[in-house]
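Peer 1: Residue numbers (the numbering used here): 64 to 428.
All residues carry an ideal CB built from backbone N, CA and C; glycine is no exception.
The model shown is predicted, which means the values in this text are computed figures rather than measured ones.
1) Grab me the residues of residue 392's own chain with a C-beta within less than 7 Å of its C-beta, minus the 5 sequence neighbours each way, in chain order.
2) Could you compute how far the alpha carbon of residue 148 sits from the alpha carbon of residue 78?
3) Answer with buried or exposed for residue 111, where buried requires no fewer than 16 other C-beta atoms within 10 angstroms of its C-beta.
4) Determine the closest residue to residue 372 out of 289, 252, 198, 395, with distance taken between C-alpha atoms.
5) State the beta-bridge partners of residue 399 as determined by DSSP.
6) So, helix, strand or coil for residue 136, using DSSP?
7) Alpha carbon to alpha carbon, what distance is there between residue 218 and residue 395?
8) For the putative contact between residue 92 and residue 105, defined by C-beta atoms under 8 Å, what is the C-beta separation to the nearest angstrom?
9) Whole angstroms are fine: how far does the CA of residue 125 sit from the CA of residue 68?
10) Is the beta carbon of residue 135 less than 8 Å from the beta carbon of residue 98?
11) Less than 7 Å between C-beta atoms, sequence neighbours within five positions excluded: which residues of the same chain meet that for residue 306?
12) In whole angstroms, what separates the C-alpha of residue 250 from that of residue 120?
13) Helix, strand or coil for residue 285, going by three-state DSSP, please let me know.
14) Given a cut-off of 8 Å, decide if residue 189 and residue 204 are closer than it, judged by their beta-carbon atoms.
15) What residues in its chain sit with their C-beta under 6 Å from that of residue 303, if we drop five residues either side in the sequence?
16) Look at the alpha carbon of residue 141 and the alpha carbon of residue 100, and state the distance between them as a whole number of angstroms.
17) Is residue 229 buried or exposed, if buried means 16 or more other CB atoms sit within 10 Å of its CB?
18) What separation, rounded to the nearest whole angstrom, lies between the Cα atoms of residue 238 and residue 258?
19) Taking the alpha helix (DSSP H) that residue 367 belongs to, which residues open and close that run?
20) Looking at the structure shown, is residue 359 part of a helix, part of a strand, or coil, going by DSSP?
21) Does the region 360 to 375 come close enough to the region 323 to 332 to have 3 or more Cβ pairs within less than 8 Å?
22) Please report how far the alpha carbon of residue 400 lies from the alpha carbon of residue 378, in whole angstroms.
23) Quick check on residue 80: does DSSP put it in helix, strand or coil?
24) On the DSSP bridge list, what partners appear for residue 227?
25) Helix, strand or coil: which one does DSSP assign to residue 150?
26) For residue 324, count neighbouring C-beta atoms within 10 Å of its own C-beta (all shown protein chains included) and say buried if the count is 16 or more, exposed if not.
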């Protein structure tokens with residue numbers, strides 16, 4: 064048995080054909096060092112088995128230098144070893160720095176041969192996307208050019224369609240291609256001049272005039288009224304038709320809850336322009352509710368909470384007509400809210416006004 068330390072070639076051969084995958088950054092750096100690569104280079108090794116044989120695949124990763132944080136990658140060791148030699152000679156893999164210092168005009172010897180394509184952002188400014196938030200996808204539009212971090216990571220700024228709220232620094236992995244608002248509106252039964260977006264399990268629909276509807280039912284009613292023509296304007300619907308439409312499935316309960324008839328304040332954000340958001344506050348009456356125990360004709364829960372994913376009560380709020388409001392054109396007709404939203408915005412009950420006592424005695428002349 065030899066007591067001599069292993070030679071460099073023996074260490075190299077053992078590392079080159081080690082059948083263990085490198086699953087951590089430390090193990091990747093250790094393998095790279097054993098294979099003679101510069102400090103902090105990494106060898107990402109995967110091992111596959113085909114027809115009973117182990118197949119080793121390596122990817123060699125590196126940064127360009129202290130002042131060059133560009134990421135490089137090679138799919139085989141021949142190209143990576145040439146780049147490592149270049150790195151040892153030049154101290155960088157930055158092509159511009161190498162060209163500036165090149166005096167013999169032989170640029171081919173200075174190429175890094177990286178197999179890593181330049182990073183490209185998946186989404187662009189103005190593109191409609193969906194953003195993952197609390198395990199749900201929300202419709203939004205990208206408002207700025209993506210910011211690049213760590214050379215190959217992109218972060219985005221968006222404005223949400225449902226409430227016009229904004230958010231910055233969203234990682235690319237939390238975005239996916241969204242639905243075109245006009246195409247979604249057409250799929251829901253409107254024409255291409257309307258727009259629609261998803262808000263969890265519900266839709267937020269906007270008419271061409273800018274009026275926003277928090278429910279598909281209300282938006283369709285408005286759409287039908289508009290498309291019915293001028294001859295239909297001013298005509299009263301039959302009471303039976305109105306009752307049938309208002310009934311719903313399940314129908315709204317009009318009594319039996321302490322919140323019925325109470326007032327609440329509802330505040331939301333509206334995107335008035337590309338750079339301006341306004342906060343709108345409205346006061347409404349709670350006119351109906353669906354109990355968490357209610358079911359539709361097929362036996363499904365009347366409403367499933369977007370917050371808990373379980374059957375919950377849903378309340379129908381109708382807002383006061385306020386033509387003098389500074390943002391009257393953006394006001395909602397009504398909205399449907401959950402119980403926790405009611406509790407956060409409920410106004411105290413109004414006390415009946417005290418009657419002024421009147422005297423039955425006549426004043427003497």
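Peer 2: Walking through what the data contain:
1) Taking residue 392 as the centre and dropping the five residues before and after it, the same chain places the C-beta of 273 closer than 7 Å to its C-beta, in chain order.
2) Cα-Cα distance, rounded: 19 Å.
3) Counting Cβ neighbours within 10 Å, residue 111 comes out exposed, since fewer than 16 surround it.
4) Minimum Cα-Cα distance from residue 372 among the listed residues 289, 252, 198, 395 corresponds to 198.
5) Partner(s): 379.
6) The three-state reading of DSSP puts residue 136 in strand, counting E and B together.
7) Residue 395 and residue 218: Cα-Cα distance of roughly 33 Å.
8) Indeed they touch by this definition, with Cβ atoms about 5 Å apart.
9) Their backbone Cα atoms lie some 30 Å apart in a straight line.
10) Not a contact, by the Cβ cut-off of 8 Å.
11) Confidence is the limiting factor: at residue 306 the pLDDT is only 46, short of 50, which leaves the residue's position unreliable and the question unanswerable from this model.
12) If you draw a straight line from the Cα of residue 250 to the Cα of residue 120, it is about 47 Å long.
13) Here residue 285 sits in helix by DSSP.
14) The Cβ atoms of residue 204 and residue 189 lie closer than 8 Å to each other.
15) Its pLDDT being 45, under 50, residue 303 is placed unreliably in this model, and the value from its coordinates should be taken loosely. Once the five neighbours on either side are set aside, residue 303 has no close Cβ partner at all.
16) Their Cα atoms are separated by approximately 12 Å.
17) The Cβ neighbour count for residue 229, taken over all protein chains shown within 10 Å, is under 16; the residue is labelled exposed.
18) It is roughly 21 Å from the alpha-carbon of residue 238 to the alpha-carbon of residue 258.
19) Per DSSP, residue 367 belongs to no alpha helix (DSSP H) and is neither H nor E.
20) Looking at residue 359 - three-state DSSP - the assignment turns out to be coil, as it is neither helix nor strand.
21) Three or more beta-carbon pairs separated by less than 8 Å are not found between the region 360 to 375 and the region 323 to 332, which leaves the two stretches without contact.
22) The alpha-carbon atoms of residue 400 and residue 378 are separated by roughly 5 Å.
23) Here residue 80 sits in coil by DSSP.
24) DSSP output for residue 227 lists no bridge partner at all.
25) Judged by DSSP in its simplified three-state form, residue 150 adopts helix.
26) Exposed, because fewer than 16 other Cβ atoms sit within 10 Å of the Cβ of residue 324.
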